[in-house]
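Reading through the structure tokens given below for one structure.
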Amino acid sequence: MIRSDLPYLKEQDLVNYPAVYVLIGGNKRYVGQAAGQSISLRLSQHFLKEDKAWVESVLFFARVDGKMSKADTDYLERRLIQDFQEKSDYEMMNLQAKYFH
Numbered sequence: 001m002i003r004s005d006l007p008y009l010k011e012q013d014l015v016n017y018p019a020v021y022v023l024i025g026g027n028k029r030y031v032g033q034a035a036g037q038s039i040s041l042r043l044s045q046h047f048l049k050e051d052k053a054w055v056e057s058v059l060f061f062a063r064v065d066g067k068m069s070k071a072d073t074d075y076l077e078r079r080l081i082q083d084f085q086e087k088s089d090y091e092m093m094n095l096q097a098k099y100f101h
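If you're matching positions, the sequence shown starts at 1 in UniProt numbering and goes up one per residue.
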């Protein structure tokens with residue numbers, strides 16, 4: 001999804017599902033989650049921040065049935081951060097990324 005797709009996302013059923021997302025821009029990556037809040041709200045919050053101006057697109061993961069627990073999103077978020085750090089040259093923009101080594 002690119003930034004301009006956000007209005008379309010707000011119209012979809014999955015917008016209220018728990019999800020894990022990856023903000024993508026150049027060589028930068030940020031992994032986050034929306035559990036207990038709308039994915040479109042969470043992405044809107046990021047898009048409004050000047051320090052996230054580098055974001056060009058978003059990849060997100062959600063279950064079709066919406067049944068993803070907080071433990072599920074925590075695990076997937078942590079695992080993606082670890083994998084990006086260990087298996088890629090991307091610059092991780094997560095503040096907590098340093099704690100996952």
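Just so you know, even glycine gets a beta-carbon here, dropped at the ideal spot from N, CA and C.
Straight-line gap, residue i to residue j (C-alpha atoms, nearest Å)
i, j, result
"S40", "A62", "13 Å"
"M93", "M68", "24 Å"
"E86", "R78", "12 Å"
"V22", "F60", "6 Å"
"A53", "F47", "7 Å"
Helix, strand or coil at residue i [DSSP, three-state]
i, result
"A34", "strand"
"S69", "coil"
8 Å CB neighbourhood of residue i in its chain, flanking five on each side removed
i, result
"I24", "V55, E56, S57, V58, L59"
Cβ-Cβ separation, residue j to residue i (assumed contact under 8 Å), whole Å
i, j, result
"V15", "L76", "Not a contact, Cβ separation roughly 18 Å."
"L95", "V31", "Contact flag wrong, Cβ pair sits at about 11 Å."
"K49", "Y90", "With 8 Å as the limit, K49 and Y90 do not qualify as a contact, their Cβ atoms being about 19 Å apart."
Sheet register partners of residue i (DSSP bridge)
i, result
"S57", "I2, I24"
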